[in-house]
Structure formats: C-alpha cells, structure tokens
Ligand code: PHE
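In the working numbering, the protein residues as written are 24 to 338.
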C-alpha cells in the first residue's frame with residue numbers, strides 16, 4: 024500500500040485510492056469496523072497503520088501539488104522583455120469635441136445650456152415661433168411629420184420657446200441638439216445638429232448680438248480677428264433678421280449663421296411683454312462649424328459609424 028501511494032502521480036488517482044481506503048466502503052473503514060473482534064495488540068497495530076496511512080496520503084498530496092505548481096511555473100514563465108500589447112487609446116468624436124468647445128465658450132459668456140425633445144409639437148417648432156399653419160416659411164424647412172401631427176424638430180429654435188415658457192425673462196441660454204430635415208447631400212444630412220443662442224433682457228441690442236458672435240467665432244476658430252459680413256435675411260421669428268458670413272482663409276465668404284432680434288410676437292407667445300423686453304437669437308449648424316474647423320468636406324462622414332473617428336490615431 025505504501026509503495027502504491029508513493030507511485031501515484033496525480034491528485035485524481037490519489038483521491039481515488041483515498042476513497043477506496045477510507046471511504047464508506049473503503050478497505051480500512053471495513054477493518055476498523057471489525058476492530059472489536061481483535062485482541063489488544065492487533066488493535067494497537069491497526070490504529071497505528073491507520074494513522075500512518077493517513078499521514079502518508081497527506082504527504083503525498085502535498086508532494087504532488089508542489090510538483091504540479093513547479094511544472095506550471097516552468098511553462099508560464101513571464102518574459103518581461105516582450106513588448107506590451109498595443110494600447111487602444113480613444114478620443115472624442117469630432118462632433119462631441121466641437122460641442123464641448125462651443126458649450127465651453129458660450130457658458131463663459133454667461134449662456135446656460137438647454138436641451139429639448141427631438142419630437143416636437145407644432146406649437147414649439149412652428150406656431151410659437153411666429154410660423155402658424157400655412158405660413159409660407161414652413162416650406163423653408165422640409166419637415167418630417169409624424170402621424171399624430173408632431174414633427175421631428177426642424178430647428179433648435181423650439182428650445183428657446185421652452186426655455187422662455189419655463190423660466191421667463193431675463194434669460195441668456197443656448198439650446199443644443201439634433202434636428203431633422205428631408206435633405207441629403209454632401210453638406211446636408213437628414214439629421215444634423217444645431218446650436219441656438221437666446222438673450223432677452225431690457226437693453227439688449229443688435230450690436231450685443233454681433234459682439235457675442237464675433238467673440239465666439241474668434242475663440243472657436245482660434246483667430247485674432249474675424250471679418251464678418253452682415254446680410255439682411257428673413258426668419259419668421261426674428262425682426263430684423265440677418266445672416267452672418269465669415270471671411271475664410273482670407274478669400275472666401277462662408278455663411279455661418281442666421282440671427283436677428285426676437286420678433287415681438289414670439290415674446291408675446293411666451294408671455295413676455297415686448298415693450299419692456301427685447302433680445303436676440305442666433306442659430307447655426309454645429310456639424311458645419313466642426314467641418315470647417317476640422318477641414319472636412321462631407322457631413323455624412325460624421326455619421327457613418329467609422330471607428331477611426333474614435334481612435335487616437337484614426338485618421
Ligand atoms: N432656426 C433658424 C434655422 O434653422 C436659424 C435661426 C436661429 C435664425 C435663430 C435666427 C435666429 O435656419
């Protein structure tokens with residue numbers, strides 16, 4: 024038996040022999056059960072044999088475990104000279120990055136960040152913005168209508184209505200979010216992003232608007248001075264309305280945003296007295312600013328799910 028134990032090389036075999044010896048039907052168990060029929064000397068001898076065997080099993084188990092561990096250490100040697108696995112360092116999607124920069128600048132000017140629902144009702148997306156049903160300006164934006172009459176928000180201007188309804192005036196806020204229109208080409212995606220600023224108080228003027236827009240563009244594009252061109256335009260919710268162009272790389276004029284003084288009817292629709300308060304609003308495509316800053320020509324590329332946008336060395 025002792026020989027047998029010492030020749031065993033695996034824990035499984037050792038366990039099997041242990042069970043065959045000391046288990047319920049084990050050989051030693053049976054002999055111990057019959058001990059009452061033995062004389063004193065034989066009993067003492069059996070007890071001794073039993074104790075020795077148990078000890079032997081324990082020692083053998085420890086030996087085998089040690090051998091197994093040593094074998095493992097041999098094969099699992101750690102080579103500290105190996106070069107490490109390549110690290111996958113990520114970065115923010117350019118749109119997210121642009122948003123963080125834009126928000127940071129506007130917040131530093133005192134504008135508070137707002138969001139709103141992407142599925143809007145007619146009131147917030149159109150009617151409160153002085154664009155009642157059948158108003159021709161509704162055609163300016165090809166709208167996705169939902170069966171219940173709601174729309175996929177066509178402009179973040181809807182958020183300024185919600186902000187004024189909720190907080191009243193004076194207010195200095197900007198709304199951000201996805202907007203939807205039925206159009207699709209290199210510079211238009213059916214889903215894009217807008218940012219909209221609103222500042223209403225007792226003495227807000229058009230020059231405050233232009234000053235903030237200029238300071239904002241200088242900060243965002245990291246330019247010492249931006250040359251702006253102010254063109255008259257039309258939006259139902261602003262009067263007068265303007266469009267702001269920016270001189271780009273010294274030769275091209277780029278249309279950057281729509282803006283204007285908030286129309287008195289829009290203020291009235293939000294419970295604000297336009298004889299006491301007035302203000303300005305401006306709105307622009309945040310994707311477009313990101314395209315300009317990062318020098319991209321196709322807006323659709325932002326949304327194609329290309330993982331390289333998120334990899335530190337992606338493009
Ligand atoms: N909502 C307008 C658009 O989507 C932009 C705009 C915002 C114009 C605020 C004036 C004031 O075209």
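Backbone N, C-alpha and C fix where the C-beta goes; we use that ideal spot for every residue, glycine too.
These numbers were taken from a predicted model, which means no experiment stands behind them.
Determine whether the beta carbon atoms of residue 339 and residue 305 lie at a separation below 8 Å.
Here the chain has residues from 24 to 338 only, and residue 339 is not among them.
Could you give the residue range of the beta strand (DSSP E) that holds residue 291?
As a first step, residue 291 is located in the chain shown; it is residue number 268 there, counting from the start. Unbroken run through residue 291 is the alpha helix (DSSP H), 287-292; no beta strand (DSSP E).
Proximity of residue 312 and residue 125 at Cβ, strictly below 8 Å:
Walking along the chain shown from the start, residue 312 turns up at place 289. Walking along the chain shown from the start, residue 125 turns up at place 102. Yes.
Identify whether residue 327 lies in helix, strand or coil by the three-state DSSP scheme.
As a working mapping, residue 327 is identified with position 304 in the chain shown. Reduced to three states, the DSSP call for residue 327 is coil.
On a CA-only basis, which of 180, 86 and 144 is nearest residue 167? Give me that one, please.
Locating residue 167 in the chain shown gives position 144, counting from the first residue. Measuring from the Cα of residue 167, the nearest candidate turns out to be 144.
Whole angstroms is fine: what's the gap from residue 180's alpha carbon to residue 103's?
Taking the first residue of the chain shown as position 1, residue 180 is located at position 157. Taking the first residue of the chain shown as position 1, residue 103 is located at position 80. Looking at the two C-alpha atoms, the distance is approximately 59 Å.
Three-way DSSP call (helix, strand, coil) for residue 264 in this model:
For this step, residue 264 is matched to residue 241 along the chain shown. Here residue 264 sits in strand by DSSP.
Could you tell me whether the segment 263-278 touches the segment 158-177, using the rule of 3 or more Cβ pairs below 8 Å?
No, they do not touch.
Helix, strand or coil: how does DSSP classify residue 282 here?
What you label residue 282 is simply residue 259 of the chain shown in a count that begins at 1. DSSP places residue 282 in strand when its eight states are reduced to three.
Under the three-state DSSP convention, the category residue 147 falls into:
Locating residue 147 in the chain shown gives position 124, counting from the first residue. For residue 147, the three-state secondary structure derived from DSSP is helix.
When you compare only the Cα positions, how much space is there between residue 279 and residue 172?
For the purposes of this step, residue 279 is taken as the residue at position 256 of the chain shown. For the purposes of this step, residue 172 is taken as the residue at position 149 of the chain shown. Rounded to whole angstroms, residue 279 and residue 172 show a C-alpha spacing of 31 Å.
Whole beta strand (DSSP E) runs in the segment 101-159 with 3 or more residues, listed along the chain?
Runs of the beta strand (DSSP E) inside the segment 101-159: 135-137.
Can residue 223 and residue 139 be called in contact, C-beta distance under 8 Å?
Your numbering for residue 223 matches position 200 in the chain shown. Your numbering for residue 139 matches position 116 in the chain shown. Against a cut-off of 8 Å, the Cβ pair of residue 139 and residue 223 comes out as no contact.
May I have a chain-ordered list of the beta strand (DSSP E) segments no shorter than 3 residues that lie completely inside the segment 27-82?
Segments of the beta strand (DSSP E) lying fully in the segment 27-82: there are none.
heavy atom of the ligand PHE below 7 Å from residue 178 C-beta:
By one-based count along the chain shown, residue 178 stands at place 155. Correct: residue 178 has its Cβ closer than 7 Å to the ligand PHE.
First and last residue of the uninterrupted alpha helix (DSSP H) at residue 204:
In the chain shown, counting from the first residue as 1, residue 204 sits at position 181. Per DSSP, residue 204 belongs to no alpha helix (DSSP H) and is neither H nor E.
Can we count residue 282 as close to the ligand PHE, meaning its CB is less than 7 Å from some heavy atom?
Position 259 of the chain shown, counted from the start, is the residue given in the question as residue 282. Under cutoff, so the answer is yes.
Reference residue 152; option with closest CA among 292, 300, 297 and 316:
As a first step, residue 152 is located in the chain shown; it is residue number 129 there, counting from the start. Taking only the C-alpha atoms, the option nearest residue 152 is 292.
Specify, as a first and last residue, the run of the alpha helix (DSSP H) that residue 234 falls within.
For the purposes of this step, residue 234 is identified with residue 211 of the chain shown, where counting begins at 1. Its alpha helix (DSSP H) spans residues 229-244.
8 Å Cβ cutoff met for residue 295 and residue 187
As a working mapping, residue 295 is identified with position 272 in the chain shown. As a working mapping, residue 187 is identified with position 164 in the chain shown. Cβ atoms of residue 295 and residue 187: closer than 8 Å.
Is it the case that the Cβ atoms of residue 136 and residue 199 are separated by a distance below 8 Å?
Along the chain shown, read from residue 1 onward, the residue named residue 136 stands at position 113. Along the chain shown, read from residue 1 onward, the residue named residue 199 stands at position 176. Note that the C-beta distance between residue 136 and residue 199 is below 8 Å.
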